[in-house]
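Sequence positions in the sequence shown follow numbering that gives the first Met the number 0 and run 0 to 165.
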Amino acid sequence: MEYGLWTLKVSTPFNTTIILSNATIIYINMAPEKIRSTDGGIELNLYPGEWEISYSYEAPAKPPAPHKPSDQLLYYAIVGACIICVSILAVLYIIRRRKTLKEFSGEEAEILKYIRERGGRVLEAELRERFPHIPRTSMWRLIRRLEKRGVVQVRKVGLQNVVELK
């Protein structure tokens, strides 16, 4: 190859066929017996003798690569899916929580709300202080009802009862 041109020098004792793919003939020293165009190339039928053929070669064009979604688009799709999932879970949690509070009487719902506000754990004595209008025995019965329903758990710590949400 010289100056972007390829040169083929051949000495043949008999008729020869040469096929040049993706090439353009620039120079040929004699007239060939036959020149024919083929799919993507040129076919030369040569007489016996000394041949010199100069041609330029064009590499076949690569097919375009399949379009790949960019990493940024994939990132946005994943983030969007996560946001949708979290939103759905939040709505389901709120609906479940509202249904749960509707299942309880007014006093039960107030007590559960107070326990939740205090981190899910309070002393029974704190409940009596916060709700002085509920008599001590009624408070005890109310907490036992909630415990039987599986909403709270009562543990004895020293001389006091700790009421925890389950």
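Heads up, the beta-carbon is just placed ideally off N, CA and C, and yes, glycines get one too.
Can you tell me where the beta strand (DSSP E) holding S174 begins and where it ends? No information on residue 174 is available, as it lies outside the stretch 0 to 165 that the chain covers here.
Cα-Cα, which of K155, P31, S55 is closest to Y2? S55
Determine which residues share a DSSP beta bridge with K8 and list them. E51
Which runs of the beta strand (DSSP E), 3 residues or longer, sit entirely within the stretch 83-134? Counting only runs that start and end inside the stretch 83-134, the beta strand (DSSP E) elements of at least 3 residues fall at 120-122.
Give the range of the beta strand (DSSP E) segment to which L158 is assigned. Here L158 belongs to no beta strand (DSSP E), and DSSP marks it neither H nor E.
Output the boundary residues of the beta strand (DSSP E) element that contains Y2. For Y2, there is no enclosing beta strand (DSSP E), as DSSP gives it neither H nor E.
CB-CB under 6 Å to S53, same chain, minus the five flanking residues each way: which ones, in chain order? L4, T6, I25, Y26
Assuming I133 contacts V162 (C-beta within less than 8 Å), just tell me the rounded distance between them. So it is not a contact: roughly 14 Å between Cβ atoms.
Check whether the Cβ of W50 lies closer than 8 Å to any heavy atom of the ligand FMN, and answer yes or no. Only the bare structure without any ligand can be found here, which leaves the ligand FMN out of the picture.
Kindly indicate which three-state DSSP category K147 falls into: helix, strand or coil? helix
Member of M29, A58, I110 whose CA lies at the smallest distance from the CA of G48: M29
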